[in-house]
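Quick note on the UniProt record's numbering: the sequence shown kicks off at 1 and runs consecutively.
What follows is a set of notes on a single structure, which appears directly below.
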Amino acid sequence: MIHKSILLLFLSIFSNIANACLNDDITIDTQFATARIGHCEQINDKHIQLTLLPENTPINNSPWFGFKISAKEQKQVKISIKADGGKMRYRPKVFKDNTWHLIPFEKHDKDISFSVNLSSEPLWISAQESLNSLAYHHWAKAHAQKSFLNHDIIGWSIEHRPIFKLESRAKSNQWLILVGRQHPPEVTGALAMLTFVDHVFSDTAIAKTFRKRFNILVVPNINPDGVYHGYWRHNVAGKDLNRDWKTAMQPEVASVVKYLDGLVENGGEIKYAVDFHSTYKDIFYTIPEDYLSHNHTLTNDWLDKLEKTLPEFEVRRKAGQNPNRGVFKQFIADKYKVHAVTYEMGDNTDRALIDKAAIEAAETLMSTLLSKQKQ
C-alpha cells in the first residue's frame, strides 16, 4: 500500500508538470497542490491566453485555476482566462505578503482579463484562496494538541490520501456531525467550516458545556484528491461526491458512511449534521419542517436565532427534499431521521463576514441543540 501511494503521488505530480506552460521568456508553473489550468497560448510577448479544462464532463460551472507565473525580465503582461464549455465564476487573486489579494480584472462574455507585473520571482495566482491538504493537516494538528480531541484517519481516497476526522466525546450518546470540502473549489464554505469548528472546540463557556453533552465528529476534507488536482467538482473517478450518499459507491463517501454506521451500532444517536459548501450567494439549504416528525422546527429555530444575533448577515434559507439525489443532508434525514443543513457561503462574501457569521452560527446552533436537549 505504501508503494502504491508513492506511485500515485508521483503520477499526480507528473500530471501537473505536464500542464506547465513554458516559453523562452515566461514560465507558468502548475507543479503544486491545487494548481490547475488546461492549456496556454502566448498571443504575443505581453499577452497570455489560458484555457481552463474540467476533469470530465458534464460538470458544474466552477472553473478553477491556480498557477505561478514568472518572467526572466521584469515586464507587465496581460493574462486572459476562459473556461472550456463554461463561464468564468471566480475573481482572480494573488498571494502577496502572506495573504490573498483581489486582482483588478475585466469581465467579458465568457472570459476575464487582467494585467500583472512579472519578474523572476513567481506570482501565485488562484481562483480562490488555496486551502490544500497540508493546510488542513496543520489546522487539525493544532487542534489535536487539546486533550479532549482525537485526530485519526477513517478512510482513504482513491489516490490514497487520508480522510481524517477530529472528534470530541462526551458522556452522552448524542452526536453533531460536521463535514466539508466535497467540492474542491468551494473554498468560502471551507473557510466558514474552519472558523465554525474552531469555535465549537474553543474555551468559551457554551462550547465547554456543549462538549460535555454532545459528541462532535468533524470530517473537513472529504475530497482530498479533487482538492490536490484543482478539480472543478468531482473526485478522480469523475463522480460528484454530494450525489453519492444514497449508494456510497465512492470510497471517500463510503468511509464516512461506515464510520457513522459504527457510531450508531455502538449506541450513538446522530442529532444534527451540517455540510459546508459554496455557491453564488449565502444560503442555507434545509430539510422541510414537515419531512420529519421529531424536532421539526430545529433548523428554523437555529437560523431564526442567527438572524437576530447577526442582522448584517442575510440568512437566506430554502427547504427542499429529494430522496433519490444522493445529497448528504437528505441522506442524514432519511437514514437517521434527523434534520441537516447545507451551509453555503457566497463565492465573493467578505471573508471577515464569513468568519463572523461562522462564529455566530456555531454559537447559536450549540445553544439551540442544548435547549432542545432539555425539552
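Idealized CB from N, CA, C, for every residue including glycine.
Which of helix, strand or coil does DSSP assign to residue i?
i: PHE331; result: helix
i: TRP139; result: helix
i: MET1; result: With a pLDDT of 31 at MET1, under the threshold of 50, the modelled position of this residue cannot be trusted; read the value that follows with caution. The answer is coil: DSSP assigns MET1 none of H, G, I, E or B.
i: HIS199; result: helix
i: LYS171; result: coil
i: GLY346; result: strand
i: TRP232; result: coil
i: ALA144; result: helix
i: LYS239; result: coil
i: GLN250; result: coil
i: PRO224; result: helix
i: LYS356; result: helix
i: GLU265; result: helix
i: MET366; result: helix
i: LEU134; result: helix
i: ASN19; result: Because ASN19 sits at a pLDDT of 44, beneath the cut-off of 50, its placement in the model cannot be relied upon, and the following sentence gives the value as read from the coordinates. Three-state result, ASN19: coil.
i: ILE59; result: coil
i: SER126; result: strand
i: LEU118; result: strand
i: ASN150; result: strand
i: GLN373; result: helix
i: LYS87; result: coil
Roughly how many angstroms separate the alpha carbons of residue i and residue j, rounded to a whole number?
i: SER15; j: SER70; result: Residue confidence is low: SER15 scores 40 on pLDDT, short of 50, so the model does not pin down where it sits. No coordinate-derived value is stated.
i: LEU260; j: VAL236; result: 24 Å
i: GLN74; j: GLU121; result: 10 Å
i: HIS143; j: ALA333; result: 29 Å
i: HIS101; j: VAL187; result: 15 Å
i: VAL218; j: ASN324; result: 25 Å
i: residue 439; j: MET88; result: Lying outside 1 to 375, the shown extent of the chain, residue 439 is not represented and no answer is given.
i: GLY155; j: PRO224; result: 11 Å
i: ILE158; j: HIS229; result: 13 Å
i: ASP240; j: ASN295; result: 30 Å
i: VAL253; j: HIS47; result: 43 Å
i: THR349; j: ASP111; result: 21 Å
i: TYR343; j: PHE105; result: 29 Å
i: PRO92; j: LYS78; result: 13 Å
i: ASN61; j: TRP232; result: 8 Å
i: THR57; j: ASP109; result: 21 Å
i: GLU312; j: ILE270; result: 32 Å
i: MET193; j: ASP29; result: 30 Å
i: GLY267; j: LYS337; result: 15 Å
i: LEU353; j: ILE59; result: 29 Å
i: ALA273; j: LYS141; result: 23 Å
i: PHE276; j: LEU178; result: 8 Å
i: PRO54; j: GLY38; result: 8 Å
i: ASN44; j: GLN76; result: 12 Å
i: LYS96; j: PRO251; result: 37 Å
i: ALA205; j: VAL94; result: 39 Å
To which residues does DSSP link residue i through a beta bridge?
i: ASP29; result: LYS68
i: THR286; result: ALA319 and VAL341
i: THR279; result: GLY346
i: GLY38; result: LEU52
i: THR99; result: LYS96
i: GLY180; result: PHE276
i: LYS82; result: THR51 and ASP111
i: TRP156; result: PRO162
i: ILE270; result: TRP175
i: LEU306; result: Looking at the DSSP assignment, LEU306 forms no beta bridge with any residue, so it has no partner.
i: ILE216; result: SER168 and LEU176
Sort the options by Cα distance to residue i and report the nearest one.
i: LYS165; options: ILE158, GLY180, GLN174 and LYS171; result: GLY180
i: GLY189; options: GLY346, THR364 and THR297; result: GLY346
i: THR209; options: ILE43, GLU363, THR30 and GLN31; result: GLU363
i: TRP302; options: VAL264, MET249 and ALA358; result: ALA358
i: ASN150; options: GLU167, SER157 and THR368; result: GLU167
i: ALA340; options: SER255, ARG351, LEU369 and PRO251; result: LEU369
i: ALA83; options: LEU52, PRO58 and GLY230; result: LEU52
i: residue 453; options: LYS78, ASP109 and LYS318; result: Summary: the structure shown does not reach residue 453, with the chain confined to residues 1 through 375, and so no result is reported for it.
i: GLU265; options: TRP124, ASN173 and PHE313; result: ASN173
i: LYS171; options: ALA207, PHE214 and TRP139; result: PHE214
i: LEU298; options: LYS146, GLN373 and SER147; result: GLN373
i: PRO185; options: GLY326, TYR90 and ILE354; result: TYR90
i: GLN128; options: THR27, ALA207, THR99 and ASN117; result: THR99
i: PRO63; options: GLU289, SER126 and GLY326; result: SER126
i: ASP290; options: SER278, GLN321 and ALA273; result: GLN321
i: GLN31; options: LYS68, ASP45 and GLU55; result: LYS68
i: ASP25; options: SER293, GLY66 and SER119; result: SER119
i: LEU65; options: HIS138, VAL327 and GLN49; result: Note that residue 65 is Phe in the sequence shown, not Leu. Considering only alpha carbons, the answer is GLN49.
i: LYS281; options: ARG316, LEU310, ASP355 and ALA205; result: ARG316
i: ARG351; options: SER278, LEU292 and VAL327; result: SER278
My understanding is that residue i touches residue j, with C-beta atoms under 8 Å, so please give their C-beta distance in whole angstroms.
i: LEU191; j: ILE216; result: So it is not a contact: roughly 19 Å between Cβ atoms.
i: LEU306; j: ALA361; result: 6 Å
i: ASN242; j: HIS183; result: 7 Å
i: ILE283; j: LYS329; result: The Cβ separation is near 13 Å, so there is no contact.
i: PHE331; j: LYS246; result: 6 Å
I'd like to know if residue i contacts chain C, where contact means its C-beta is closer than 7 Å to some C-beta of that chain.
i: HIS160; result: Among the chains in the structure shown there is no chain C, since it carries only a single protein chain.
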